[in-house]
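Enquirer:
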Ligand SMILES: Cc1cc2nc3c(=O)[nH]c(=O)nc-3n(C[C@H](O)[C@H](O)[C@H](O)COP(=O)(O)OP(=O)(O)OC[C@H]3O[C@@H](n4cnc5c(N)ncnc54)[C@H](O)[C@@H]3O)c2cc1C
């Protein structure tokens, strides 16, 4: 990781290679203990901080690398291949950074904050879930209580990944005490602004290193820490598409990891009987094709999103029904593909894939993959798409 300590002022860095080195040399080495002990991937996140990758997307003028969304996608995939929990922590942090860059960079307070993210590699967690609304991100019960230049907020969240380890929290709430449940604001609380209380537990099937226990956040901060763009726009234009892209990329990484193990198994079988093709090689070819389709879907959506983003005259398209439908389809398709692919890899490796202590084990990958369809329930997304399809005539 020689490049890691290099100054960011010495020119553009190869961030994908840096992330790959950390994924291979640090995240992979600790992935099994992170999973077994359901502990935060502290070694990998420390390495990402040391390499200044938490500020990869912060504009260079504010001390970051100003990297593209495409680079974030590539970093999430390579991290996902070696430790899905590390990749999910990295992805969620980057989703928050992209929201702040897109919707806060015009505000002096948020400019100062992004400088602090770059200087101190602050880790940001997301608090969109809430007791009483389940996974409905576009509904809040809690509300911002303004008192002159300050506000107060109490939010009871069902799930906050790495809430304990995070420095700061990006939180949804009703914009004011008399706002409707869908009239939301997005606000940032820094460590010194809040207390995290009544923490629940996180002994989950997979994604165990994300440490996603629930908890109650109580905070008081300056009203400057509330983004001026309504959350409805932030969600449609940035948070949802970027989440679906970065999650799908890291799920591709999980799928690639399982296919890699299946390929190693099949090659081993082929070596035992030179000149013959093991029967499982056909299944390998089949699952490899599915992995390619999964990656192609992420690439196509990323290309469409970045093209629209690059043209300010097309921003309104991001709030349109057609775009929402396609970006939602990416999420439901990728979340289903990852479990199918890992399950196919398990069938190829057979008992060696099923055993936890085998080099061909895909147990961790399968358990991590199963979170994908729950992370904003697929049925919730299908319900949203169904409503669009009732009125949109173009298929
Ligand atoms: C690994 C992981 C990390 C997470 N990290 C965070 C985090 O950092 N911050 C955060 O805020 N949240 C986080 N979440 C929570 C996540 O975003 C969702 O809020 C949560 O997974 C949804 O929980 P739920 O299944 O109880 O709720 P719901 O979405 O309410 O679903 C409950 C049930 O109702 C069904 N359902 C819901 N809506 C509909 C509908 N319209 N039509 C038909 N059926 C429907 C669902 O299919 C499901 O069966 C995380 C989740 C996971 C898995």
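In the working numbering, the protein residues as written are 129 to 523.
All C-beta atoms in this analysis are idealised placements derived from N, C-alpha and C, irrespective of residue type, glycine included.
Can we say the segment 315–334 touches the segment 183–202, given the rule of at least three CB pairs closer than 8 Å?
Expert: No, because fewer than three Cβ pairs between the segment 315–334 and the segment 183–202 fall closer than 8 Å, the two stretches do not touch.
Enquirer: Residues in its own chain within less than 6 Å of residue 243 by CB, not counting five upstream and five downstream?
Expert: 190, 191
Enquirer: State the Cα-Cα distance for the pair residue 456 and residue 375, rounded to the nearest angstrom.
Expert: 12 Å
Enquirer: For residue 131, is the classification buried or exposed, using 16 other Cβ atoms within 10 angstroms of its Cβ as the cut-off for buried?
Expert: Its pLDDT being 45, under 50, residue 131 is placed unreliably by the model, and the measurement read from it follows with that caveat. Here residue 131 is exposed. Its C-beta has fewer than 16 other C-beta atoms within 10 Å.
Enquirer: For residue 477, collect the residues of the same chain with a Cβ closer than 7 Å to its Cβ; drop the 5 residues on either side in sequence, then sort them by chain order.
Expert: 389, 390, 393, 488, 490
Enquirer: For the alpha helix (DSSP H) that contains residue 163, what are its first and last residues?
Expert: Where residue 163 is concerned, the enclosing alpha helix (DSSP H) stretches over 156–165.
Enquirer: Cα separation between residue 320 and residue 263?
Expert: 27 Å
Enquirer: Please identify the residue among 352, 407, 180 whose C-alpha is closest to the C-alpha of residue 140.
Expert: 180
Enquirer: Under 8 Å, do residue 283 and residue 301 count as touching if we go by C-beta distance?
Expert: Annotated as proximal: residue 283 and residue 301, with beta-carbon spacing under 8 Å.
Enquirer: Can you check whether the CB of residue 493 is closer than 8 Å to the CB of residue 411?
Expert: Not closer than 8 Å, so no.
Enquirer: Along the alpha helix (DSSP H) that carries residue 259, what are the first and last residues, could you check?
Expert: That residue, residue 259, is in no alpha helix (DSSP H); it is neither H nor E in DSSP.
Enquirer: Less than 8 Å between the CB atoms is what I'm expecting for residue 206 and residue 144, so what's the real figure, rounded?
Expert: 7 Å
Enquirer: For residue 155 and residue 210, which I take to be in contact (beta-carbon distance under 8 Å), what is that distance rounded to the nearest angstrom?
Expert: 5 Å
Enquirer: Tell me the rounded alpha-carbon separation between residue 439 and residue 427.
Expert: 19 Å
Enquirer: Ligand 1 and residue 463: does any heavy atom of the ligand fall closer than 7 Å to the residue's C-beta?
Expert: no
Enquirer: According to DSSP, which residues form a beta bridge with residue 300?
Expert: 314
Enquirer: Throw me the rounded Cβ distance for the residue 334 and residue 160 pair, which I believe falls under 8 Å.
Expert: The Cβ separation is near 13 Å, so there is no contact.
Enquirer: Of the residues 356, 361, 213, 517, which one's Cα is nearest the Cα of residue 236?
Expert: Nearest option by C-alpha distance: 356.
Enquirer: Starting from residue 414, trace the alpha helix (DSSP H) both ways and give me its first and last residue.
Expert: 408–437
Enquirer: Whose C-alpha, out of 153, 261, 169, 387, is nearest the C-alpha of residue 289?
Expert: 169
Enquirer: Output the distance between the C-alpha atoms of residue 148 and residue 246, rounded to the nearest integer angstrom.
Expert: 21 Å
Enquirer: Counting only the same chain and skipping the five closest in sequence on each side, list residues whose C-beta sits under 7 Å from that of residue 338.
Expert: Cβ contact annotation for residue 338 (same chain, cutoff 7 Å, sequence separation greater than five): 213, 216, 217, 289, 290, in chain order.
Enquirer: By Cβ distance below 6 Å, which residues in the same chain neighbour residue 293 in space, the five residues on each side in sequence not counted?
Expert: 168
Enquirer: Compute the minimum distance between the beta carbon of residue 264 and the heavy atoms of ligand 1, and state whether it is under 7 Å.
Expert: yes
Enquirer: Among residues of its own chain, excluding the 5 on either side of residue 135, which ones have a beta-carbon nearer than 7 Å to its beta-carbon?
Expert: Unreliable positioning characterises residue 135 in this predicted model, as indicated by a pLDDT of 42, which lies under 50. The coordinate reading is nonetheless provided below. If we look at residue 135 and ignore the five residues flanking it on each side, it has no Cβ neighbours.
Enquirer: If we ignore side chains and look at the alpha-carbon of each, how far apart do residue 472 and residue 157 end up?
Expert: 25 Å
Enquirer: Within its chain, find whatever has a CB closer than 6 Å to the CB of residue 202; leave out the 5 residues flanking it on each side and keep chain order.
Expert: 144
Enquirer: Is residue 508 near ligand 1, with its Cβ less than 7 Å from a heavy atom?
Expert: yes
Enquirer: Using the rule of at least 16 other Cβ atoms within 10 Å of the residue's Cβ for burial, across every protein chain shown, is residue 444 buried or exposed?
Expert: exposed
Enquirer: Kindly indicate which residue of 252, 366, 326, 360 has the alpha-carbon position closest to the one of residue 268.
Expert: In this structure, 360 is the residue among 252, 366, 326, 360 with its C-alpha nearest to the C-alpha of residue 268.
Enquirer: Would you identify the three-state DSSP class for residue 482, choosing helix, strand or coil?
Expert: Looking at residue 482 - three-state DSSP - the assignment turns out to be helix.
Enquirer: Would the C-beta of residue 517 count as close to ligand 1, meaning under 7 Å from any of its heavy atoms?
Expert: no
Enquirer: Output needed for residue 151: all residues of its chain with C-beta closer than 6 Å, excluding positions within five of it in sequence on either side, in chain order.
Expert: 206, 207, 210
Enquirer: Determine the DSSP secondary structure at residue 202, reduced to helix, strand or coil.
Expert: helix
Enquirer: Helix, strand or coil for residue 136? Go by DSSP, reduced to three states.
Expert: Low per-residue confidence applies at residue 136: pLDDT is 43, beneath 50, and the placement is therefore not dependable enough to give any value.
Enquirer: Helix, strand or coil for residue 394? Go by DSSP, reduced to three states.
Expert: helix
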